[in-house]
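Line by line, the protein sequences give chains A and B.
So in our numbering, spot 141 of the first sequence is number 196, and the numbers just go up one at a time.
So in our numbering, spot 245 of the second sequence is number 300, and the numbers just go up one at a time.
Where is the CB? At the ideal position from N, CA and C, for every residue including glycine.
A quick note: this is a predicted structure, and the numbers were derived from the prediction, not measured.
Let me begin by presenting the structure, written as structure tokens, before commenting on it.
There are 2 protein chains.
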Amino acid sequence: MSSNVTLKHIAEALGVSAMTVSRALNNRSNVDARTKRRILEKARSMGYTPNHVAKSLVSSKTYTIGVVIPEITHAFFPEVVRGIEEEVYTSEYQLFLTNSNEQFSREKDAIRALLSKRVDGILISSSQTEEDFEFYKELVQSDTKIVFFDRCIEGIGASCVSVNDRESSRQITSHLVEVHNYSRIAYLSGPQNVSIGRKRLEGFLKALNEHEVRIRNEWIVEAGFREEEGFRAMKKLLETTAGERPEAVVTINDPCAIGAMRAIEEAGLSVPEDMAIVGFTDDIRAPLLKVPLTTVHQPAYEVGKKAACKLIHTIEDENEAVENLEVPTTLKIRASCGCMRS
Amino acid sequence: MSSNVTLKHIAEALGVSAMTVSRALNNRSNVDARTKRRILEKARSMGYTPNHVAKSLVSSKTYTIGVVIPEITHAFFPEVVRGIEEEVYTSEYQLFLTNSNEQFSREKDAIRALLSKRVDGILISSSQTEEDFEFYKELVQSDTKIVFFDRCIEGIGASCVSVNDRESSRQITSHLVEVHNYSRIAYLSGPQNVSIGRKRLEGFLKALNEHEVRIRNEWIVEAGFREEEGFRAMKKLLETTAGERPEAVVTINDPCAIGAMRAIEEAGLSVPEDMAIVGFTDDIRAPLLKVPLTTVHQPAYEVGKKAACKLIHTIEDENEAVENLEVPTTLKIRASCGCMRS
DNA sequence: TTGTAGGCGTTATCAC
DNA sequence: GTGATAACGCCTACAA
């Protein structure tokens, strides 16, 4: 497939050496202007396409970045990818996209494959669990250039780009207490072996503590990042709390909240009258729902752009600092929390 | 970055030749079981990662596929990408993802870069215009393995995977006429230099002709694939039809319809009472809208999977036939057309 | 079963 | 300004 014309072919056709052709094609100074023109002309007419595989072998640089995301259909990630795309496009890198489908084994497979393809660096939003911490530690120690985004693993020597999950979660929870005076608040959590799962829960608990609202462990249900998981967790919560229902529910993210809203509706209850609910992400669907979702807006595009930018700097400059970058969130107050009640 | 351990290093450490190491690592039969075990052991302890760049140079096969999509944030495409991902994951290929951002110049840049990286084949959803037809013709003639999906260029010798756009468009338009008896129907079209832009418009016109409904050229407004374009086109349509408004509007796709609905709302009109509207895609948001959108469901995941499958066959078998594959659509009847009126 | 030679397409280096 | 040579890491083909 594609051009099998090589430097040598052009060289032979013109009676010069491959080296001269290489120099001409790469705009080196020390080539006679006339020969250069002849070479460029011939290269075009023969349909020459430079072979980056060979270039990479010599330079051990591929101008390629691997991206590992857990779920391409969660609307947050395509937006992140667009940010990454935009950044690498201007820097002439290309993207290997891999989808771990929330499975750590696939994540590891993907990374190993990327390493074999000798990518210059990797952007990762991990679906990792505690146990697998070691894997990334070794990766960083072997001098692999890595930047985490959104779902980070901190303290192992790699940079991270994310939002302030703990604080944002605290804020949106506080909104429920301060503005709406809810005191019976439940939580649909993410997996506790994922950093944002822990941090968002911590923020939730912190808010309750600050306002001296009672924390009930049986009202903290592990759901997950996906709509179906939110749906199931909410069903479970409704069953176990038939007597005394929560007034409000905080969720790990928007897909989870959307699933939960479906469960609430199916139970014949209404949002926010019977139960208020808030999310996290600001999914593309959030403002369009029958009851628009109050949530934390994460600037996905910015996260992607910043992460890609940081990675490229890390690749191109040995001395680039390792740091945790944060992009600011904003609260999106809509109807599902009880504001704007009609 | 990453392992700089090579076959030679392992060979030296063990006092064997690089060739023996290569054979052991690639599971060839002709290696002594004991030496093999020693080599595998050593490779692991030294942290060897095979260098696919070098492999590719030898085999001129990269196990890499390029994907060119026009807009990663249009919800249809991430779903397609997931389908592609799933297919290539099982076939051990990896994906270069590129986003043309609906610009043909970026699309060409992307393809040239992919060609230089010597991808084994390319999946394309084109943002092409008539003039640029030549580009793809040459690509196919140079024996580049290509499969188009969704936005296809037919008749140039490359396979296509798409839905039956003309027929689906005819069906949803017929629904408006047959079920709802609308006779004043407008159309927000896609670009006419893109195949699906033309085909969907043809289907619309065919339906009107079949039912002897009057076609008014001034009610066919070129919008585009994006929400903002739908919004603007609808505003324009509302201005120019102040006297006699259309009863219903057919749109090129869901984002366009969603933008148009916003324009309708801002004009103080309501859907479907003042104006019915239908889309095409079945965007993730379609069922969640305040007035759920009647639309054509395109099985995006299937499209991706089928296209990737076809491409891999085309890559691996010289004799794989060139064909136009169609995946069936279904009509999603919701409220925006006037059905299920409350 | 194992090793040697040569080459994939490109570039760095040194010589002319 | 241009060319020969070696090297990047691996594999095919042939030899031992």
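Using only alpha-carbon positions, find the residue among the options that is nearest to residue i.
i	options	result
A/G393	A/P347, A/E67 and A/F131	A/P347
A/S155	A/S217, A/G121, A/Q149 and A/G138	A/G121
B/R281	B/R300, B/E294 and B/A312	B/A312
B/S180	B/K172, B/K163 and B/D205	B/D205
B/T350	B/I370, B/T384, B/E357 and B/C364	B/T384
A/G210	A/V195, A/V218 and A/G70	A/V195
A/E357	A/F159, A/V234, A/A288 and A/V218	A/V218
B/I127	A/E126, A/F131 and A/R137	A/R137
B/L344	B/A363, B/R317, B/L324 and B/Q353	B/R317
A/K200	A/V86, A/K254 and A/E371	A/E371
A/I65	A/A98, A/T104 and A/E147	A/A98
B/V60	A/S171, A/N85 and A/L95	A/S171
B/D187	B/R161, B/D198 and B/I177	B/R161
A/H235	A/I270, A/H352, A/T336 and A/H266	A/H266
B/A109	B/G102, B/V71, B/Y191 and B/S77	B/S77
B/R221	B/P354, B/S250 and B/R93	B/S250
Is the Cβ of residue i closer than 8 Å to any Cβ of chain B?
i	result
A/G359	no
A/T104	yes
A/N154	yes
A/Q149	yes
A/A109	yes
A/I339	yes
A/S413	Chain A is shown only over 56 to 397; residue 413 of chain A falls outside these bounds and no answer can be derived.
A/L170	yes
A/R173	yes
A/I211	no
Got a sec, what are the start and stop residues for the beta strand (DSSP E) residue i sits in?
i	result
A/H352	T350 to H352
A/Q149	Q149 to N154
A/G121	T119 to I124
B/I177	G176 to I179
B/S84	Segment: none, B/S84 is in no beta strand (DSSP E) and carries neither H nor E.
B/C215	S214 to S217
A/V304	A303 to T306
B/E328	Careful: B/E328 lies outside any beta strand (DSSP E) and carries neither H nor E.
A/K387	T385 to K387
B/L380	N379 to E381
What residue range is occupied by the uninterrupted alpha helix (DSSP H) comprising residue i?
i	result
A/I339	A/I339 -> no alpha helix (DSSP H), and no H or E assigned at all.
B/I240	Careful: B/I240 lies outside any alpha helix (DSSP H), inside the beta strand (DSSP E) at I240 to S244.
B/T295	E282 to T295
A/T104	Looking at the DSSP string, A/T104 is not in any alpha helix (DSSP H), and its letter there is neither H nor E.
A/E233	D220 to E233
A/C311	D309 to E321
B/L170	F159 to S171
B/R206	Counting along the chain, B/R206 falls outside any alpha helix (DSSP H), and DSSP gives it neither H nor E.
If the criterion is Cβ atoms closer than 8 Å, does the pair residue i and residue j meet it?
i	j	result
A/S391	A/P310	no
B/D175	B/K116	yes
A/L263	A/I240	yes
B/T369	B/E375	yes
A/K365	A/V202	yes
A/I124	A/F132	yes
B/K291	B/V276	yes
A/E284	A/G314	yes
A/R173	A/S111	yes
State the DSSP-derived secondary structure class of residue i, mapped to helix, strand or coil.
i	result
B/Y356	helix
A/K200	coil
A/E277	strand
A/T128	coil
B/I270	coil
A/I211	coil
Check the Cβ-Cβ distances between residue i and every residue of chain A, and say whether any is below 8 Å.
i	result
B/L343	yes
B/A362	no
B/P133	yes
B/A318	no
B/E140	yes
B/S114	no
B/A297	no
B/V195	no
B/I65	no
B/R137	yes
B/Q275	According to the sequence as given, residue 275 of chain B is Ile; it is not Gln. It does not; no Cβ of chain A falls within 8 Å.
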